[in-house]
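Number of protein chains: 2
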Amino acid sequence: MQDIPLDRRTDQIREALEEMIVEGHFPDGARLDEVRLAEQFHVSRTPLREAFQSLAASGLVELRLRRGAFVKFPALEDVIEMFDVMAEIEAMCGRYAARRMTPEAEAEIAAALVGCETAFAADDFDGYYRANHEFHALIYRASGNRFLAGEAERLHRRLKPFRRLQLRLRGRMRESLKEHRLIFDALVAGDEAAVTAQMRAHIAVQGDRFNDLAAQYRRSIGAAGARQRDRERV
Amino acid sequence: MQDIPLDRRTDQIREALEEMIVEGHFPDGARLDEVRLAEQFHVSRTPLREAFQSLAASGLVELRLRRGAFVKFPALEDVIEMFDVMAEIEAMCGRYAARRMTPEAEAEIAAALVGCETAFAADDFDGYYRANHEFHALIYRASGNRFLAGEAERLHRRLKPFRRLQLRLRGRMRESLKEHRLIFDALVAGDEAAVTAQMRAHIAVQGDRFNDLAAQYRRSIGAAGARQRDRERV
DNA sequence: ATGTCATTTCTTGCATACAATAGGATTGAC
DNA sequence: GTCAATCCTATTGTATGCAAGAAATGACAT
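Taken in sequence, the protein lines are chains A and B. Residue -8 is where the first sequence starts when you use this note's numbering, and the numbers rise one by one after that. Residue -8 is where the second sequence starts when you use this note's numbering, and the numbers rise one by one after that.
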């Protein structure tokens, strides 16, 4: 969205906590203990509290009045809704990118695509995730709309853990790569309609199939200690 | 996006500042003086600083390292970019709403439309703005995707000052109302494609024509004390 | 054993205190 | 009079202190 100074402990802590939450180091609903975390980071409670404000704004934690900050995993339905929106946002990025593609952008995206292929060949899930992110992020930027790119990045980051899981599905990585090629070809051809359709499908399929993943996800992350709460969470 | 507790001074101050900024009570680039605002709100600096974190996250202010919080008006190009994204988001809301329309939603939207007509008849800009917001917000919710609705609301709020200005353009209110009727009819007919197209046009026209407004806007708000900065701001 | 209520402890929310830095004012050299 | 180096002040960033509210504990009654 915007690059913040990052020199204050507050910002460093915000980054660190965001990473930890997105990577699933906390179970859903876990309370982020101000005092304990303050000790862990060797700071007072003040920078932590300020970091909580930021995290709450991006929806990663929930601040309950006089109860503290709680890690908030989205519910299954939330994730599906988010993928729906993501599909549309990414489709829009693709559409603009197709219209505004430059030789430089094309070369960069081509390189990212090679990265995807390499990771696929090596059966490297994490590597594929990174290359995939690079591929998509370059298209965001190629849209020429920085606000759009920022929103896309934000959403992408929020959906990170769920995208990663997708890759573990049987054959998903192969499919994903095939879709990337189609998207790339349409981009190069400047075919806005095709890019839009391919991209939308590429993302939407993840939401559509997300139900298949719910159970698996619960085992892999939710089981880390989350207890069922007021409504079902993935 | 999510309903926050709002009982802490921090949250009240965040709301108040957001309102003041969106309403143009501060010139672009103005520093939000912690000490002075703390006195004004009869609190210490702590809740103010926490509110700043929130505001920075939504992009309304910029936190500069050891310099403080500064009001950040988007640049002209930023506003155009934001309207582009808004057009797509609203179009998506419309598409989903057309698919999922209920009799209740239809009645509510019809009522909001009447509100628009009333305000138009009375030549009441502010009234029209409110009715307009109601009309759009109901469609967001009718989309049945709460995440989408939240994002739409957030963006709408961020673009509030620029939308309001639109209405002052010669004949814009009449046009807007006409477009609302078309959108409503397509919604009732369940014509997804038509709603999508109408809604996209309804919003995009505001971005497209925004250049016409820039000069006017500079007079009405920017003149309040903003000095030109590193790049042109509306 | 279970439920209710009082008491205690813990934690948050805010205020205040202190330390570090940025930017301007001041001084002095040329 | 201009420029540079230095000092001073204002303001941020962080730590700590304190009061109010929530949860935990335990006594007591049913």
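Where is the CB? At the ideal position from N, CA and C, for every residue including glycine.
CA nearest to the CA of residue i, picked from the options
{"i": "B/Arg(-1)", "options": "A/Gly59, A/Gly50 and A/Gly135", "result": "A/Gly59"}
{"i": "B/Ala102", "options": "B/His16, B/Ala184 and B/His171", "result": "B/His171"}
{"i": "A/Val34", "options": "A/Ala47, A/Lys63 and A/Asp2", "result": "A/Asp2"}
{"i": "A/Leu158", "options": "A/Leu46, A/Leu139 and A/His124", "result": "A/His124"}
{"i": "A/Phe201", "options": "A/Met11, A/Leu150 and A/Asn136", "result": "A/Leu150"}
{"i": "B/Val179", "options": "B/Leu51, B/Val52, B/Met11 and B/Ile100", "result": "B/Ile100"}
Cross-strand partners of residue i (DSSP beta bridge)
{"i": "A/Glu53", "result": "A/Phe61"}
{"i": "B/Arg22", "result": "B/Phe61"}
Integer-rounded CB distance, given that residue j should sit under 8 Å from residue i
{"i": "B/Leu129", "j": "B/Ala96", "result": "7 Å"}
{"i": "B/Ala21", "j": "B/Val70", "result": "With 8 Å as the limit, B/Ala21 and B/Val70 do not qualify as a contact, their Cβ atoms being about 19 Å apart."}
{"i": "A/Glu9", "j": "A/Leu46", "result": "6 Å"}
{"i": "A/Glu72", "j": "B/Leu139", "result": "6 Å"}
{"i": "B/Ala177", "j": "B/Ala185", "result": "4 Å"}
Pair within 8 Å by beta-carbon distance, residue i and residue j
{"i": "A/Ala98", "j": "A/Ala110", "result": "no"}
{"i": "A/Leu146", "j": "A/Met77", "result": "yes"}
{"i": "A/Phe74", "j": "A/Gly198", "result": "yes"}
{"i": "A/Ile174", "j": "A/Met190", "result": "yes"}
{"i": "B/Arg86", "j": "B/Glu183", "result": "yes"}
{"i": "A/Val26", "j": "A/Arg148", "result": "no"}
{"i": "B/Cys84", "j": "B/Ser134", "result": "yes"}
{"i": "A/Leu23", "j": "A/Cys107", "result": "no"}
{"i": "B/His16", "j": "B/Glu81", "result": "no"}
{"i": "A/Tyr131", "j": "A/Ala143", "result": "yes"}
{"i": "B/Glu6", "j": "A/Gln44", "result": "no"}
{"i": "B/Glu68", "j": "A/Glu79", "result": "no"}
{"i": "A/Asp114", "j": "A/Phe64", "result": "no"}
Contact set for residue i: own chain, Cβ-Cβ below 7 Å, skip 5 residues either direction
{"i": "B/Ala29", "result": "Ser35, Arg36 and Leu39"}
{"i": "B/Arg155", "result": "Tyr120"}
{"i": "B/Thr187", "result": "Ala82, Gly85 and Arg86"}
{"i": "A/Asn136", "result": "Tyr87"}
{"i": "B/Met11", "result": "Phe17"}
{"i": "A/Gly216", "result": "Any answer about A/Gly216 is weak, because its pLDDT of 38 lies below 50 and its placement is not dependable; what the coordinates show is given next. The residues are Pro18."}
Residues near residue i by beta carbon distance below 6 Å, same chain, minus five either side
{"i": "A/Gly181", "result": "Ala89"}
{"i": "A/Asp117", "result": "none"}
{"i": "B/Phe32", "result": "Ile4"}
{"i": "B/Phe153", "result": "Val70"}
Contacting residues, own chain, Cβ-Cβ under 8 Å from residue i (five flanking each side not counted)
{"i": "A/Ala195", "result": "Phe74, Asp75 and Ala78"}
{"i": "A/Thr93", "result": "Ala133"}
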